[in-house]
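Chemist: This is the structure, below, for whatever I ask next.
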Amino acid sequence: MLRFRNPTYLRIFFLVGGTLVFGLLTGFSGWYHPGCLTLDYAVPNPPGLPCLPPTPPPTTGGAPPPETTSQGAKQGPIRLTVINQSELPFSITLTGPQTYVFNVASGETRVFVVTRGAYTFDMMLCALGAQGVLNLDKMTTMQFKSCALEKLVEVTFKNPTASPASITLSGPGNFVFTVLAGETRVLTIPRGEYAVTRSLCGGTETGTFAARSHRTMSLACP
0 MLRFRNPTYL RIFFLVGGTL VFGLLTGFSG WYHPGCLTLD YAVPNPPGLP CLPPTPPPTT
60 GGAPPPETTS QGAKQGPIRL TVINQSELPF SITLTGPQTY VFNVASGETR VFVVTRGAYT
120 FDMMLCALGA QGVLNLDKMT TMQFKSCALE KLVEVTFKNP TASPASITLS GPGNFVFTVL
180 AGETRVLTIP RGEYAVTRSL CGGTETGTFA ARSHRTMSLA CP
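The opening position of the sequence shown corresponds to residue 0 in numbering that gives the first Met the number 0, with each subsequent residue numbered one higher.
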């Protein structure tokens with residue numbers, strides 16, 4: 000879960016198979032890429048999260064091979080690679096099985112060895128603070144792109160029904176979020192064409208959505 004400060008926030012659950020790659024953009028700022036995450040936005044106007052192509056971790060160095068318990072669960076340290084291609088320094092504090100504070104200068108790539116497990120984090124990039132939860136159970140790469148890279152647009156999602164709606168957008172960025180019953184949410188996301196899946200009122204429907212400036216998606220029971 001990811002919380003943006005001053006004053007908006009965004010909660011994100013990271014779902015990645017081995018590599019977590021994301022780019023933080025500012026329009027002021029925005030983030031992420033296909034299959035990277037599941038997220039839940041909140042008011043008002045949080046940054047969008049366009050995904051970035053996966054970047055394989057460096058082949059040199061790294062953590063010791065993980066141990067395996069009798070039940071097959073992996074133990075021991077893993078490698079966390081941070082690629083900071085933004086114009087500003089990146090910092091992150093991880094609190095969990097151990098506590099770490101990592102700093103990566105603009106244009107640098109650094110490899111850290113951390114104890115495997117779930118961590119809360121407090122991070123800063125592109126003058127934007129964020130807090131949340133990050134599950135480091137595999138070798139992970141975090142890639143941050145330019146603070147002003149993508150064309151972002153503001154779109155509105157209205158849910159006048161009595162049912163919460165789960166929305167999945169797949170396109171220039173991939174997003175999964177919830178619009179509560181009676182709620183209106185304004186998001187900033189990468190402009191472009193999206194495939195959309197809407198689940199509410201006990202049913203599911205699919206379609207397309209063109210994200211343009213000030214577009215509105217009005218939800219209805221299928």
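Virtual Cβ for every residue (Gly too), placed ideally from N, Cα, C.
Please list, in chain order, all residues of the same chain as residue 107 whose beta carbon is under 7 Å from its beta carbon, the five residues on each side excluded.
Modeler: For the purposes of this step, residue 107 is taken as the residue at position 108 of the sequence shown. For residue 107, where only same-chain residues beyond five positions count, the Cβ hits under 7 Å are 83.
Chemist: What does the alpha-carbon distance come out to for the pair residue 94 and residue 221?
Modeler: Position 95 of the sequence shown, counted from the start, is the residue given in the question as residue 94. Position 222 of the sequence shown, counted from the start, is the residue given in the question as residue 221. Rounded to the nearest angstrom, the two C-alpha atoms are 43 Å apart.
Chemist: Counting C-beta neighbours from all protein chains within 10 Å, is the total for residue 97 16 or more, i.e. buried, or is it exposed?
Modeler: Taking the first residue of the sequence shown as 1, we reach residue 97 at position 98. Residue 97 is exposed by the Cβ-count criterion.
Chemist: Can you look up residue 119 in the DSSP assignment and give me helix, strand or coil?
Modeler: One-based indexing of the sequence shown puts residue 119 at position 120. DSSP places residue 119 in strand when its eight states are reduced to three.
Chemist: Looking at the structure shown, is residue 158 part of a helix, part of a strand, or coil, going by DSSP?
Modeler: For the purposes of this step, residue 158 is taken as the residue at position 159 of the sequence shown. DSSP places residue 158 in coil when its eight states are reduced to three.
Chemist: Mind checking which residues open and close the beta strand (DSSP E) that includes residue 219?
Modeler: The residue labelled residue 219 in the question sits at position 220 within the sequence shown. Premise fails: residue 219 is in no beta strand (DSSP E) and is neither H nor E.
Chemist: Alpha carbon to alpha carbon, how far is residue 211 from residue 123?
Modeler: Stepping through the sequence shown from its first residue, residue 211 is reached at position 212. Stepping through the sequence shown from its first residue, residue 123 is reached at position 124. Approximately 29 Å, taken between the alpha carbons.
Chemist: Taking the alpha carbon of residue 189 as the reference point, which residue from 88, 183, 214, 196 has its own alpha carbon closest?
Modeler: In the sequence shown, counting from the first residue as 1, residue 189 sits at position 190. It is 214 whose Cα lies nearest to the Cα of residue 189.
Chemist: Count Cβ pairs between the segment 168-175 and the segment 108-118 that sit closer than 8 Å; are there 3 or more?
Modeler: No, the segment 168-175 does not touch the segment 108-118.
Chemist: Applying the 10 Å Cβ sphere with the 16-neighbour rule, what's the burial state of residue 179?
Modeler: In the sequence shown, residue 179 corresponds to position 180, counting from 1. Looking at its Cβ environment, which holds fewer than 16 other Cβ atoms inside 10 Å, residue 179 is exposed.
Chemist: Buried or exposed for residue 105, going by 16 or more other Cβ atoms inside 10 Å?
Modeler: Along the sequence shown, one-based indexing puts residue 105 at 106. That one is exposed.
Chemist: Within this structure, are the beta carbons of residue 165 and residue 200 separated by less than 7 Å?
Modeler: Sequence index remark: in the sequence shown, residue 165 carries index 166 (1-based). Sequence index remark: in the sequence shown, residue 200 carries index 201 (1-based). Cβ atoms of residue 165 and residue 200: not closer than 7 Å.
Chemist: Take the Cβ of residue 144 as the centre, count every other Cβ of all protein chains shown within 10 Å, and call the residue buried at 16 or more, exposed below.
Modeler: Within the sequence shown, the letter at position 145 stands for residue 144. Per the 10 Å Cβ criterion, buried.
Chemist: By how many angstroms is the C-alpha of residue 194 removed from the C-alpha of residue 85?
Modeler: For the purposes of this step, residue 85 is identified with residue 86 of the sequence shown, where counting begins at 1. For the purposes of this step, residue 194 is identified with residue 195 of the sequence shown, where counting begins at 1. Approximately 29 Å, taken between the alpha carbons.
Chemist: What first and last residue would you give for the beta strand (DSSP E) that runs through residue 204?
Modeler: Numbered from its first residue, the sequence shown carries residue 204 at position 205. Per DSSP, residue 204 belongs to the beta strand (DSSP E) from 202-210.
Chemist: Is DSSP giving residue 75 helix, strand or coil here?
Modeler: Along the sequence shown, one-based indexing puts residue 75 at 76. It is coil, neither helix nor strand.
Chemist: For my contact list, residue 218 and residue 150 are in at a C-beta cut-off of 8 Å; report their separation, rounded to the angstrom.
Modeler: Stepping through the sequence shown from its first residue, residue 218 is reached at position 219. Stepping through the sequence shown from its first residue, residue 150 is reached at position 151. Not quite, the Cβ-Cβ distance comes to about 25 Å (not below 8 Å), so this is no contact.
Chemist: What are the residues that DSSP puts in a beta bridge with residue 189?
Modeler: For the purposes of this step, residue 189 is taken as residue 190 along the sequence shown, with counting starting at 1. Paired residues: 151.
Chemist: Suppose contacts are defined by Cβ-Cβ distances below 7 Å. Is residue 109 in contact with residue 81 by that definition?
Modeler: Within the sequence shown, the letter at position 110 stands for residue 109. Within the sequence shown, the letter at position 82 stands for residue 81. Yes, these two residues count as a Cβ contact at 7 Å.
Chemist: Could you tell me whether the Cβ atoms of residue 140 and residue 121 are closer together than 7 Å?
Modeler: For the purposes of this step, residue 140 is taken as residue 141 along the sequence shown, with counting starting at 1. For the purposes of this step, residue 121 is taken as residue 122 along the sequence shown, with counting starting at 1. No.
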